[in-house]
Structures are given as structure tokens and as C-alpha cells.
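Asks:
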Amino acid sequence: MDEYVYGVIDHCCSRDIFEIYDSLNIKRIDKDDPLLQGNDALYIRSYFGLEVVFIRDDLPYKYEKFILAHELGHAILNAEVNKAAYNSKLINKSKLEKQSDYFALRLLDISIHKDLHHRTNST
Numbered sequence: 027m028d029e030y031v032y033g034v035i036d037h038c039c040s041r042d043i044f045e046i047y048d049s050l051n052i053k054r055i056d057k058d059d060p061l062l063q064g065n066d067a068l069y070i071r072s073y074f075g076l077e078v079v080f081i082r083d084d085l086p087y088k089y090e091k092f093i094l095a096h097e098l099g100h101a102i103l104n105a106e107v108n109k110a111a112y113n114s115k116l117i118n119k120s121k122l123e124k125q126s127d128y129f130a131l132r133l134l135d136i137s138i139h140k141d142l143h144h145r146t147n148s149t
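In our numbering, the protein residues as written are 27 to 149.
1. PHE74 lies in the beta strand (DSSP E); which residues open and close that run?
2. Assign HIS37 to buried or exposed, taking buried as 16 or more other Cβ atoms, counted over all protein chains shown, within 10 Å of its Cβ.
3. Who are the Cβ neighbours of ILE55 in its own chain at under 8 Å, not counting the five residues just before and after it?
4. Taking just the CA atoms, how far does LEU98 sit from THR149?
5. Report the three-state DSSP secondary structure of ARG132 (helix, strand or coil).
6. Express the C-alpha separation of PHE92 and ALA101 in angstroms, rounding to a whole number.
7. Could you tell me whether the Cβ atoms of LEU94 and ILE138 are closer together than 7 Å?
8. From which residue to which residue does the beta strand (DSSP E) around ILE55 run?
9. Taking the alpha-carbon of PRO86 as reference, which of VAL31, ASP66, LEU50 has the nearest alpha-carbon?
10. Helix or strand or just coil, what does DSSP make of ILE138?
11. Where GLU29 and ASP59 are concerned, what is the direct C-alpha to C-alpha distance, given to the nearest angstrom?
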């Protein structure tokens, strides 16, 4: 999957998610649209190949970037998917959702260390 991430970075000459969206002609609509149906974002690919991401307009900047990268993961990794929604409240995520999360983390160069949640007991 890393080859897809690096392919996007090479193709767009950027790691910036906003520049990547512009380069790939994926439209962002930042507003709390009824289409979201309570989700944070919604990716739609039309029959004509037009791609749009509806995303809530009240999200923290870093979270917005992650969600946009996640939705880009759907666009790149799952060409057969015409519609995907991001909902942070879902606990049991499907394989496609986990793949898109991984894609987003790699694209944004976010690393999660195994020892982050490791507690040391000092007595």
C-alpha cells in the first residue's frame, strides 16, 4: 500500500492534502450538508468520474486533514467504491476503512508508536 502513497506524492509533487486534492481535481465542499447524515465526511465518485468530498466545516484543522487524506485513500485504493462516509464513532471498522486510515497516516507522515499506550508501573 505504501507504493500508492508514494505514487500520489510523486504524481502531485506534494504531501500537502489540499494541494493533492487540487492536483487530482477532487472537489471539497466544506459545510455541514444534509448529505453527511451525521458523518464527518462523505466521498462521492459520480458516474462521470467527478469526485467530491463533503466535509463538516467545524472540524479542527489537523483532524480535517486526516479525514481528507482518509477519503483520498478510498478514491485511490478502492476504485470500485462510489460512496464512502467517515464516522469517528464507528469502533469496528471494515478492512476498507482500516486501509484508508493507514493510507492517511502514511500520506500525512503520522507515526503511531507501539509504546504510546504502554504504561510503566513504578513502585
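Even for Gly, the Cβ is constructed at its ideal location relative to N, Cα and C.
Replies: Well, looking at it:
1. Reading the sequence shown from its first residue, position 48 is the one you call residue 74. The continuous stretches of beta strand (DSSP E) do not include PHE74, and DSSP gives it neither H nor E.
2. By one-based count along the sequence shown, residue 37 stands at place 11. Exposed.
3. The sequence position of residue 55 within the sequence shown is 29, counting from 1. Here the set comprises VAL78, VAL79, PHE80, ILE81.
4. Stepping through the sequence shown from its first residue, residue 149 is reached at position 123. Stepping through the sequence shown from its first residue, residue 98 is reached at position 72. In this prediction, THR149 has a pLDDT of 41, which is less than 50 and means its spatial position is unreliable; nothing more can be read from the coordinates.
5. Taking the sequence shown and counting its residues from 1, the one referred to as residue 132 is at position 106. Collapsing the DSSP output to three states places ARG132 in a helix.
6. Within the sequence shown, residue 101 is the residue found at index 75, counting from 1. Within the sequence shown, residue 92 is the residue found at index 66, counting from 1. Straight through space, the alpha carbons of PHE92 and ALA101 are spaced by roughly 14 Å.
7. Counted from its first residue, the sequence shown places residue 94 at position 68. Counted from its first residue, the sequence shown places residue 138 at position 112. For LEU94 and ILE138, no; Cβs fall outside 7 Å.
8. Taking the first residue of the sequence shown as position 1, residue 55 is located at position 29. Element bounds for ILE55: 52-56.
9. Position 60 of the sequence shown, counted from the first residue, corresponds to residue 86. The residue among VAL31, ASP66, LEU50 with its C-alpha nearest the C-alpha of PRO86 is ASP66.
10. Indexing the sequence shown from 1 puts residue 138 at position 112. Here DSSP, grouped into helix, strand and coil, assigns ILE138 to coil.
11. The count along the sequence shown starts at 1 and reaches residue 29 at position 3. The count along the sequence shown starts at 1 and reaches residue 59 at position 33. Taking the straight line from one Cα to the other gives about 34 Å.
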